[in-house]
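Undergrad: Listed in order, the protein sequences are those of chains R and G.
For reference, each letter of the first sequence is one residue, going 0 to 335 in numbering that gives the first Met the number 0.
For reference, each letter of the second sequence is one residue, going 0 to 335 in numbering that gives the first Met the number 0.
There are 2 protein chains.
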Amino acid sequence: MRIAVDAMGGDFAPDAVVSGCIAAAEEIDCGIALVGDPAAIRRCAEGRLSNKIEIVEATEVIEMTESPVDALRKKKNSSLAVAAAMVKDQRADAMISAGSTGAATAAAHLLWKCLPNISRPAIATLLPSKRGRFVLIDSGATPDADARNLLEFAVMGACYAETILGVPRPRIGLMNIGSEEQKGTVMLKQAYKVFKAVFPEFGGNIEGKDMFNGEFDVVVCDGFVGNVALKTTEGAGDLFWHFLKQATPKNPVSRLIVGLLMRKGMLKVRKDTDYAEVGGAPLLGVNGLCMICHGHSNAKAIKNAVLVTHRGLQSRLNHLIAERAARIPREMDNAS
Amino acid sequence: MRIAVDAMGGDFAPDAVVSGCIAAAEEIDCGIALVGDPAAIRRCAEGRLSNKIEIVEATEVIEMTESPVDALRKKKNSSLAVAAAMVKDQRADAMISAGSTGAATAAAHLLWKCLPNISRPAIATLLPSKRGRFVLIDSGATPDADARNLLEFAVMGACYAETILGVPRPRIGLMNIGSEEQKGTVMLKQAYKVFKAVFPEFGGNIEGKDMFNGEFDVVVCDGFVGNVALKTTEGAGDLFWHFLKQATPKNPVSRLIVGLLMRKGMLKVRKDTDYAEVGGAPLLGVNGLCMICHGHSNAKAIKNAVLVTHRGLQSRLNHLIAERAARIPREMDNAS
Chain R
0 MRIAVDAMGG DFAPDAVVSG CIAAAEEIDC GIALVGDPAA IRRCAEGRLS NKIEIVEATE
60 VIEMTESPVD ALRKKKNSSL AVAAAMVKDQ RADAMISAGS TGAATAAAHL LWKCLPNISR
120 PAIATLLPSK RGRFVLIDSG ATPDADARNL LEFAVMGACY AETILGVPRP RIGLMNIGSE
180 EQKGTVMLKQ AYKVFKAVFP EFGGNIEGKD MFNGEFDVVV CDGFVGNVAL KTTEGAGDLF
240 WHFLKQATPK NPVSRLIVGL LMRKGMLKVR KDTDYAEVGG APLLGVNGLC MICHGHSNAK
300 AIKNAVLVTH RGLQSRLNHL IAERAARIPR EMDNAS
Chain G
0 MRIAVDAMGG DFAPDAVVSG CIAAAEEIDC GIALVGDPAA IRRCAEGRLS NKIEIVEATE
60 VIEMTESPVD ALRKKKNSSL AVAAAMVKDQ RADAMISAGS TGAATAAAHL LWKCLPNISR
120 PAIATLLPSK RGRFVLIDSG ATPDADARNL LEFAVMGACY AETILGVPRP RIGLMNIGSE
180 EQKGTVMLKQ AYKVFKAVFP EFGGNIEGKD MFNGEFDVVV CDGFVGNVAL KTTEGAGDLF
240 WHFLKQATPK NPVSRLIVGL LMRKGMLKVR KDTDYAEVGG APLLGVNGLC MICHGHSNAK
300 AIKNAVLVTH RGLQSRLNHL IAERAARIPR EMDNAS
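(1) DSSP has aspartate 5/R in a bridge; who is on the other side?
(2) Just checking: is the beta-carbon of aspartate 237/R within a distance shorter than 9 Å of some beta-carbon in chain G?
(3) To the nearest angstrom, how far is the alpha carbon of alanine 334/G from that of glutamine 245/G?
(4) If the cut is a Cβ gap below 8 Å, which residues of chain R does glutamine 245/G touch?
(5) Beta-carbon of phenylalanine 211/R versus every beta-carbon of chain G: anything under 9 Å?
(6) What three-state label does DSSP hand isoleucine 47/R in the structure shown?
(7) Rounded to the nearest angstrom, what separates alanine 106/G and valine 307/G at their Cα positions?
(8) Just to check my reading of the structure: isoleucine 176/R and phenylalanine 223/G have Cβ atoms closer than 8 Å, yes? What is that Cβ distance to the nearest angstrom?
(9) Using a Cβ cut-off of 9 Å, which residues of the stretch 191–220 of chain R contact any Cβ in chain G, in chain order?
(10) Name the chain G residues that come within less than 9 Å of proline 248/R, Cβ to Cβ?
(11) Counting only beta-carbon atoms, is alanine 106/G nearer than 9 Å to chain R?
(12) Between glutamine 181/R and chain G, is any beta-carbon pair separated by less than 9 Å?
(13) What does a CB cutoff of less than 6 Å around phenylalanine 201/R pick up in its chain, not counting 5 residues either side in sequence?
(14) Determine, using beta-carbon pairs with one atom in the stretch 266–282 of chain G and one in the stretch 270–286 of chain R, whether at least three such pairs fall under 8 Å.
(15) Exposed or buried, alanine 97/G, counting other C-beta atoms within 10 Å across all chains shown (16 or more means buried)?
(16) Excluding the five sequence neighbours on either side, which residues of its own chain have a C-beta within less than 6 Å of the C-beta of glycine 287/R, listed in chain order?
(17) Using Cβ-Cβ distances below 8 Å, what residues of the stretch 129–144 of chain R are close to chain G?
(18) When the distance is taken between beta carbons, is alanine 153/G closer than 9 Å to leucine 283/G?
(19) Going by DSSP, name the residue or residues bridged to leucine 126/R.
(20) How big is the Cα-Cα spacing for glycine 9/G and alanine 3/R?
(21) Within the same chain, show all residues whose beta-carbon is closer than 7 Å to that of serine 118/G, passing over the 5 residues directly before and after it, in chain order.
(22) Where does glutamate 65/R sit, in a helix, a strand or coil, going by DSSP?
(23) Residues of chain G with CB closer than 8 Å to the CB of glutamate 233/R, please, in chain order.
(24) Ordered along the chain, which non-local residues of its own chain (more than five positions away) have a Cβ less than 7 Å from that of valine 17/G?
(25) Cβ closer than 8 Å: which chain G residues qualify as neighbours of isoleucine 176/R?
(26) Kindly indicate which three-state DSSP category glycine 183/G falls into: helix, strand or coil?
(27) Looking only at its chain, what residues have a beta carbon closer than 6 Å to the beta carbon of alanine 24/R, apart from the 5 residues adjacent to it on each side?
(28) Give me the residue from Leu71/G, Phe133/G, Pro13/G with the minimum Cα distance to aspartate 216/G.
(29) Using a Cβ-Cβ distance under 9 Å, would isoleucine 256/R count as near chain G?
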């Protein structure tokens, strides 16, 4: 088992990536290939590379500002392209990148293609709720999804919730602008009918404000809506921290007292809402495991991304998705 | 000048509505017509009705669970239908309701029709940012908006920001899933081009996470995306309060100390993020002023909704929208 990691992707690469991989390697029995500039990787590793970690050379880096597809075409020897090619050639089982999300999505989709019976990929993001975490799928890979795509997303999201969150029968919700069956676009009304027929665990339409109640394990939407919901959550969270900082007393003594008394609780909130805890979001539906990390990923986020990817490989996530996806068409025919 | 208020709409109606209107009437020189069950309204008023307030009888109430259009057709004598008819017959200049958003939108749209050169209505919601508040438009009236609709929404949102927020040249952003010009759907790429040609204050695409930075005064999107963004913001805020409560120390003495020290700051946060402070969200683009209030509206929210509606009437908001909308088609032809 081997995971190819784009060592040059992300705001704090290669330092954070290399450190995160070294920390992860201590906990799992899995090979890690650090793909990028060997000299830079060695400098960051400071002699801490174990025999589980190897370095694979790649001379180029795809920048965040580049057009994903163009960059992939031009930079065949970029760290991302080389890592993706390793999975394609079965020299690795999974890929991790904290670089451009668009480029990682394009590389996995174009190079690996979709799993059988899956027509479009989707990004599954874990978000905090009042009762733990839930899966938001798709959070950006397929902005123009149709009802059939949403059905596939639901299958993939449920597989992810089962294997990674450990939820035996994930409850599925369809993101809409009202809870009633007849709400939303023509596509969503169609999706509602199919979901109802296919999934015993379908809990109906769900609105943005109810997502965080913890009543649903998987919230399904197209990639445009999901990306807006994800980023709005990020922005609202950031705004709240800003307000909280402003609400803290200016007087240094009062400030210190509040800090001491709230410290333990606030550390828990930080942990519960920190994306570094969940490591990254997988691009599901492609023929290989692709973990996309936040551009700001620190070593902890990278480490957790490696651990989650390893768990995905161990639990044969893609095998489960392919198995379930094979049952979709028949069920869809029954539903229509 | 007269405002027709649906006295029976909302979770705390008619009490909160009547009390809010009585409080507002003390501050403005404007007639208020409370539409609903006269006996119930008088009971709530407890003799506090001034000569600025009159009661208009309506025998029916539209429930939140009813299909908006069906309910309006069947319940011609509902408080909402009567209030909307008053505006149509020019017996009132504006309408306020904290009942079903769908029913209020349908009543205003079907009965009053759109303003000249406006093809679809939009709900303009004020959301908190790091530097005050901004307008999110459309937050739910037109889920299937096209590029032309978005252009109209931008014009309406800018007029609202000018008259209500007092921003001289509102900066306009287009909600998208990336800041680059070529991001998003075909419709959004088209909208980007037109916005760039038409609005000198167009600041480009904006992602959900940047909405709250306060760099934009008006964020434009279709009603589906806007509704998801609005409700996700609500849900994320609610989740954060939940986490904050959990983070507060369990020990009663520590709890009291934190409460005392944080009280002033937290009250300010509550105020900055409380929808009751902004009263309601107008449905813009229709031939009359329609203020939609949150179902949970308390007396303060209703009072503020009346005050904002009054300001909208005084500043001739609809006149300004019609004037600016008349210039759109020519500008759009230049742009294409």
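Using N, Cα and C, we set each Cβ at its ideal position, and we do this for glycine too.
These figures come from a predicted structure and were not determined experimentally.
TA: By the coordinates alone:
(1) Val34/R
(2) yes
(3) Residue placement at alanine 334/G is flagged as unreliable, the pLDDT there being 46, under the threshold of 50; the coordinate-derived value follows with that caveat. Alanine 334/G and glutamine 245/G: Cα-Cα distance of roughly 53 Å.
(4) Listed by position along chain R, the residues whose Cβ is nearer than 8 Å to that of glutamine 245/G are Gly264, Lys267, Val268.
(5) yes
(6) First, the amino acid is wrong: residue 47/R is arginine here, not isoleucine. Looking at arginine 47/R - three-state DSSP - the assignment turns out to be coil, as it is neither helix nor strand.
(7) 20 Å
(8) 6 Å
(9) Those residues of the stretch 191–220 of chain R that come within reach of chain G (Cβ to Cβ, closer than 9 Å) are Glu206, Gly207, Lys208, Asp209, Met210, Phe211, Asn212, Cys220.
(10) Leu260, Met261, Lys263, Gly264
(11) no
(12) yes
(13) If we look at phenylalanine 201/R and ignore the five residues flanking it on each side, its Cβ neighbours are Ile171, Phe194, Lys195.
(14) no
(15) The residue is buried, with at least 16 neighbouring Cβ atoms inside 10 Å.
(16) Val86, Trp111
(17) Lys129, Gly139, Pro142, Asp143
(18) In this structure, leucine 283/G keeps its C-beta atom at 9 Å or more from the C-beta atom of alanine 153/G.
(19) Residue pairing by DSSP places leucine 126/R opposite Phe133/R in a beta bridge.
(20) Answer to the nearest angstrom: the Cα atoms are 56 Å apart.
(21) Arg147, Asn148, Glu151
(22) coil
(23) Gly207, Lys208
(24) Excluding positions up to five away in sequence, the list reads Ala6, Leu33, Ile40, Cys43, Ala44.
(25) Gly139, Pro142, Gly222, Phe223, Asn226, Val227, Lys230
(26) coil
(27) Ile31, Ser49, Lys51, Ile52
(28) Phe133/G
(29) yes
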